[in-house]
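Residue numbers (this note's numbering): 121 to 339. Where a beta carbon is used, it is the ideal one built from N, C-alpha and C, also for glycine. Here is the structure we will look at, set down as structure tokens.
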């Protein structure tokens, strides 16, 4: 992937790669890459599995690091993959939600992204706060469900999701400090990619700053 910042193309090849993806030996596999372009460590707070399994769970993501991990259908189940993963950036949470159904009857692949207001903790947005129902695990129902449990209704600063019939369009959410953007494939063996990008050039990881300098010298 290539990130464009102020007209400068920054290849994600400048990032250090850690983690392991899943083999495509299962009926449903969704492999993730999460790129931390910021100078802050993204602290992994919680992984909540809806369906499936994740052999090598997500973890903290250091500045300038690409984390790989995979999710897959569990054995002897009639469901595909579904999960919610949260990382803390400074004093807020980044939420990544995904679902890949076992068949087309279950709908399209879904990727949802959100950034909470400052001070929100994982217990505020946990699936435990909402009752399990037919549509509970749709992204919009999840967001509405946890928001309804708060007195002031202030949980998510911004949120967005897409059903991926076409894998060429990115989705993104942002606040004053960062942009979180993502994309995923449309098949049952798909790749999902999420990038956390700072608004300010000063907030890039050092190795990303160096890459920007190299690219500018080539102009």
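query: Hey, quick one: how far does the beta strand (DSSP E) through residue 182 stretch, first residue to last?
result: Taking the chain shown and counting its residues from 1, one reaches residue 182 at position 62. No beta strand (DSSP E) holds residue 182; DSSP gives it neither H nor E.
field: Sub-9 Å separation of residue 293 and residue 306 beta-carbons
entry: Stepping through the chain shown from its first residue, residue 293 is reached at position 173. Stepping through the chain shown from its first residue, residue 306 is reached at position 186. Between residue 293 and residue 306, the gap from beta carbon to beta carbon reaches 9 Å or more.
task: Answer with buried or exposed for residue 271, where buried requires no fewer than 16 other C-beta atoms within 10 angstroms of its C-beta.
output: The count along the chain shown starts at 1 and reaches residue 271 at position 151. Classification for residue 271: exposed.
message: When you compare the CB of residue 329 with every CB in chain B, is at least one pair closer than 9 Å?
response: The structure shown contains no chain B; it is built from a single protein chain.
query: Per the contact definition of three or more C-beta pairs closer than 8 Å, is the segment 184 to 203 in contact with the segment 149 to 156?
result: As far as the Cβ criterion goes, the segment 149 to 156 touches the segment 184 to 203, which means the pair count is three or higher.
- prompt: Whose C-alpha, out of 336, 337, 328, is nearest the C-alpha of residue 160?
  reply: Translated into positions along the chain shown, residue 160 becomes position 40. Checked all of 336, 337, 328; the closest Cα to residue 160 is 328.
task: Determine the contact status of residue 179 and residue 295, defining contact as a CB-CB distance below 9 Å.
output: On the chain shown, residue 179 is found 59 positions in, with the first residue counted as 1. On the chain shown, residue 295 is found 175 positions in, with the first residue counted as 1. Result no, Cβ atoms of residue 179 and residue 295 do not sit closer than 9 Å.
message: Can you tell me whether residue 288 is helix, strand or coil according to DSSP?
response: As a working mapping, residue 288 is identified with position 168 in the chain shown. Residue 288: coil per DSSP, three-state reduction.
Segments assigned alpha helix (DSSP H), at least 4 residues, entirely inside the segment 131 to 219: Segments of the alpha helix (DSSP H) lying fully in the segment 131 to 219: there are none.
- prompt: Can you check whether the CB of residue 215 is closer than 9 Å to the CB of residue 200?
  reply: Start at 1 with the first residue of the chain shown, and residue 200 comes out as number 80. Start at 1 with the first residue of the chain shown, and residue 215 comes out as number 95. Contact flag unset, no.
- prompt: If you draw a straight line from the alpha carbon of residue 286 to that of residue 299, how long is it in whole angstroms?
  reply: By 1-based counting over the chain shown, the position of residue 286 is 166. By 1-based counting over the chain shown, the position of residue 299 is 179. Near 22 Å, if we compare the C-alpha coordinates of residue 299 and residue 286.
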